[in-house]
Amino acid sequence: MRADVTGFRLKMDSMTLARFMPMHLLLDADGCALSYGPTLALVLQDDARLGARFEDLFEVRSPGGAVTIQDVLARAGTRFRLSPRNGARSGLRGHGQSLPGDGRILLNLTFIDLIAAVRAIALSDADFAASDLAREVLFLAEANAAVTQDR
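Residue numbers (the working numbering): 31 to 181.
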């Protein structure tokens, strides 16, 4: 049996959102950035500024033909793949949802190649949510490196 969550509303400030979703991007109805998770801000570097347009930040890799965030949400429902336009070699995938009310859009992103992103951006487990399996993957990668180094 599934819980009925229709009509449930949750208010969250940007600090809490960043702690639970360090790879989030909150956009206004026009696709301009209102809030970045701290890990996503590391990926985007100087491009992570308030008011930046989604299409200036990212190239949409799928769904094909999509350019704006509205295109992405209309064509693929909620799943997509992105590449940062700043040249960061960190492919991203995620899902998005239009929020009730003023048309804000919340994106939750993750890395396609976590290990490469960690190396390229010098990320640590502190850059991920406590519940994110990325932390376990990082631990396993470190353990594997230690074992192979001892041989």
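Cβ coordinates follow ideal geometry from the N, Cα and C atoms, glycine included. It should be emphasised that the depicted structure is a prediction, and the values quoted were computed from it without experimental measurement.
Opening and closing residue of the beta strand (DSSP E) in which residue i lies
i, result
"V97", "Per DSSP, V97 belongs to no beta strand (DSSP E) and is neither H nor E."
"F141", "135–141"
"S128", "122–128"
"F84", "First-last for F84: 84–87, but that is the alpha helix (DSSP H), not the beta strand (DSSP E)."
"R109", "109–114"
"L57", "54–57"
Contacts around residue i, its chain only, beta-carbon distance under 8 Å, and the 5 residues preceding and following it disregarded
i, result
"A159", "R49, F50, M51, P52"
Between the CA atoms of residue j and residue i - distance to the nearest angstrom
i, j, result
"G67", "D43", "12 Å"
"S65", "D101", "20 Å"
"R115", "V90", "10 Å"
"L47", "H125", "16 Å"
"V148", "A156", "12 Å"
"L80", "A63", "5 Å"
Residue range of the alpha helix (DSSP H) that includes residue i
i, result
"F158", "Note, F158: premise wrong, no alpha helix (DSSP H); not H, not E."
"A63", "Segment 63–66 is the beta strand (DSSP E) holding A63; no alpha helix (DSSP H) there."
"A78", "That residue, A78, is in no alpha helix (DSSP H); it is neither H nor E in DSSP."
"L144", "144–151"
"L40", "Run containing L40: none; DSSP gives neither H nor E here."
6 Å CB neighbourhood of residue i in its chain, flanking five on each side removed
i, result
"I142", "G121, R123"
Proximity test, residue i beta-carbon vs the ligand NAP heavy atom, cut-off 7 Å
i, result
"S65", "Absence of the ligand NAP from the depicted structure is noted, as is the absence of any ligand whatsoever, leaving it without description."
Own chain, CB closer than 7 Å to residue i, minus 5 neighbours either side, in chain order
i, result
"V209", "As displayed, the chain neither begins before 31 nor continues past 181, which places residue 209 out of reach and without an answer."
(Q) Quick test of the definition: if touching needs 3 or more C-beta pairs under 8 Å, does the segment 150–158 touch the segment 67–79? (A) They touch, by the three-pair rule.
Q | the segment 130–139 touching the segment 164–173, judged by at least three CB pairs closer than 8 Å | A | Taking a contact to require three or more Cβ pairs closer than 8 Å, the segment 130–139 and the segment 164–173 do not qualify as touching.
Q. Do the segment 54–63 and the segment 168–180 make contact, defined as three or more Cβ pairs closer than 8 Å?
A. Using a Cβ-Cβ distance cut-off of 8 Å, the segment 54–63 and the segment 168–180 are not in contact, since fewer than three pairs of beta carbons, one from each stretch, lie closer than that value.
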